[in-house]
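Working notes for the structure below.
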Amino acid sequence: MVVPSPSAAMNGSWSSAPRAARAPRARTDRRSTSPPMTSSSASAASSFGSTSRSPAQVSSARAEVPGGCDHWATTPAPPMAMTTITTSQTSPRTAKRAVRRAVAITRGAYRARSPGRMPSGAVASALMAQETPSPTREDVRGPYARVDGARPGGPLPDALIRLLQQMPKAELHLHLDGSVRVDTALDLARTRGIDAPTTWTGMSAALVGPPQGPDQAELLRAFDLPIALMQDAEALERITMDLVEAKAADNVRYAEIRWGPLLHTARGLSLRDGIGAVVAGAERAAREQGITVRLICTAIRSHDPRDNVVLAETAALFRDRGLTGWDLAGQEARFPDPMTHALAFEAARAGGLRITVHAGEWGGAPQVRRALSVDPERIAHGPGAADDPRLMAELRARGVVLDLCPTSNAQATIVPTVAAHPIARLHRAGNPVTLSTDDLTVSDLTLSEEYRNAVERIGLTLPELWAIDRRALDVAFADEATLAPLRTAFDAWAAGIPELAPRA
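Residue numbers 0 to 503, in numbering that gives the first Met the number 0, belong to the letters of the sequence shown in order.
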């Protein structure tokens, strides 16, 4: 993560010259289109990212979007739906084929590389009876929804896409400052006097990262403007609540949100007040949305190690209010050794915080190995470990979990494409992994969409994806009293899907 210059933050400006002319891109350059959503989830998703746009829209990054910015529904996420097989409104022969294919999908026999011959409507009927109606054109229209209102195509059946959206999820790798709503950013820039784009499309172009940059440092530039906007308690609390609402709408039932508090003190906000604002926002939104949220305090590699010790000690004061983790992030190429901040890691442990560390966004397997020097429970990213069998074995032996983000890794050129990401290889080798978005806005991605990518582009089977999702609850930075009811709820959902139900 890159820190804006103090003068930029104090003067309410940010350097946008290299990025201002970049138009929002079509989503098809790196991932599938959005799955169908209920009206509440579509409303929530509509305020983040830059989903598929027509060529006319892409051509002008500064064009005003008619109708202004949508706001999310604040109702809780829809109930988890059970899956059944129905053959209504199909011929007997078509129904039989649809049932066979539906079973093959849940067993993991279906892959995106073998799209099959069944019409999507028949497969949808055979795979799932929906408790909610299919979204209408107006349901899915909005600044961040598919502008044509069409249901997505692609090789996955619509019903499987919908199932992935309805699946209860746990997300462990999620950055607050990479997940700022466009309309919130517009309002904060206006009310705080920040020199930033004034149209929805222009702001979207500034907040969403490039589909694939030359390196990690280029991707981190997308955080400059959000950090400039997040310099007071009200902004921090509001953005936190926005993100929790978005996750609830995407059926994320447990989320760990991380952020770097020292990045938000340039205008005089105290460290304690800044942390308190994020904690308050998370508490309130989690209560209103009915999901569980924990927070991870992130130190920055480029910061003075002494300042990070103070940060760890201050963060630990909020441990009983849901701040349960400690992280280190930032430019690895310039600051490769996490042991530079060894005293901060010690202070975090002494305060009862659990340890993760960003590694492998630069430097590959050797950099992942270097991260083990601080004895983390989890490593954020680290896909390069798949290139070193000895390192993979060491990670398994130590029980270190990799919190992977395929789309973000492709953006940072850690992997050449999403399809080339090694999450499937790591999982099948027995290395514990989880799947997350990293940044809702910078990567312009919901977790349901990343789950779709995992099946459609990477080749995980549905049971494999479910195992990865479920594992997140076993390695989360929360106590057993918090996690046990979540496991029960997740398992109850899976019990309604025969191929995901535990075998006797």
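From the three backbone atoms N, C-alpha and C, an ideal C-beta is built for every residue, glycine too.
In its chain, beyond the 5 residues on either side, G208 and V441 have a beta carbon closer than 6 Å to the beta carbon of A221.
Secondary structure of V417 (DSSP, three-state): coil. Straight through space, the alpha carbons of W492 and A332 are spaced by roughly 43 Å. Contact check for D387 and M166: beta-carbon distance about 32 Å, past the 8 Å limit, so the pair fails to qualify. DSSP, read as helix, strand or coil, puts R237 in helix. Within the model, the alpha-carbon separation for R427 versus T339 is close to 34 Å. A direct Cα-to-Cα measurement between L242 and A341 gives close to 31 Å.
With fewer than 16 other Cβ atoms inside 10 Å of its own Cβ, T487 counts as exposed.
Distance from the CA atom of V474 to the CA atom of C404, rounded to whole angstroms, is 16 Å. In the same chain as A471, and ignoring 5 residues on each side of it, the C-beta atoms closer than 6 Å to its own belong to A169, L171 and T433, in chain order. The C-beta distance from V277 to L228 rounds to 14 Å, too long to meet the 8 Å contact threshold.
Per the C-alpha coordinates, the member of V309, R320 and R266 positioned closest to A349 is V309. If you draw a straight line from the Cα of L485 to the Cα of D194, it is about 43 Å long.
Non-local C-beta neighbours of A188 in its own chain, meaning closer than 7 Å and more than five positions away in sequence, comprise A195 and L228, ordered along the chain. Here the stretch 373-385 lies against the stretch 401-419, with 3 or more beta-carbon pairs under 8 Å apart. Per DSSP, the beta-bridge partners of A298 are L327.
The C-beta distance from I274 to T239 rounds to 11 Å, too long to meet the 8 Å contact threshold. Here the alpha carbons of I226 and V181 stand approximately 14 Å from one another.
Three or more beta-carbon pairs separated by less than 8 Å are not found between the stretch 440-455 and the stretch 390-399, which leaves the two stretches without contact.
Unbroken beta strand (DSSP E) runs of no fewer than 3 residues, entirely contained in the stretch 377-428, are found at 377-380 and 400-403, following chain order.
By the Cβ criterion, the stretch 258-272 is not in contact with the stretch 447-460, since fewer than three pairs of Cβ atoms, one from each stretch, lie closer than 8 Å.
Taking the Cα of P304 as reference, the smallest distance to any Cα among A477, I422, D336 and A281 is reached at D336.
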